[in-house]
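First residue of the sequence shown? That's 485 in my numbering, and the numbers climb one at a time after it.
Note that beta-carbon positions come from the ideal geometry of N, C-alpha and C, so glycine has one too.
In this text, all values refer to a predicted model and were calculated from it rather than measured experimentally.
Here's the structure we're looking at; comments come further down.
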Amino acid sequence: TTNSSATLFGAVMVMDDWLTEGPEATSKMVGRAQGIYVSSSQEDFHLLMATTFVFESGKYNGSTLAMIGKNAAL
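Encoded structure:
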């Protein structure tokens, strides 16, 4: 099961995070990063990520950028 797996195999996490102009805590929010990531390997800690960047202000207001891929977290 997921709880007994060293890699958390099968765990599903959901994100809805701020997308900002820069890394500073005071940086202006320009949109959201929304999606899911799944622990997808029984042997290593790898994530399958599906994310959509939703721009709500600034130069790219109204645009989206979608990506899917593997993230070898460790």
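- Is T486 helix, strand or coil by DSSP? Note: T486 maps to helix in three-state DSSP.
- Query: When burial is assigned at 16 or more other CB atoms within 10 Å of the CB, is L549 buried or exposed?
  - Reply: Exposed, by the Cβ-count rule.
- Item | CA-to-CA distance, L503 to I541, given in whole angstroms | Contrary to the premise, residue 541 reads as Ser rather than Ile in this sequence. Their Cα atoms are separated by approximately 10 Å.
- Message: Once DSSP output is grouped into helix, strand and coil, what is the label at D501?
- Response: Three-state result, D501: strand.
- Message: Taking 8 Å as the cut-off, does the stretch 491–501 touch the stretch 521–540 (at least 3 CB pairs, one atom from each stretch)?
- Response: Here the stretch 521–540 makes contact with the stretch 491–501; the two share three or more CB pairs at distances below 8 Å.
- Top-ranked residue by Cα proximity to M551, from E527, G506 and A517: Minimum Cα distance to M551 is reached at A517.
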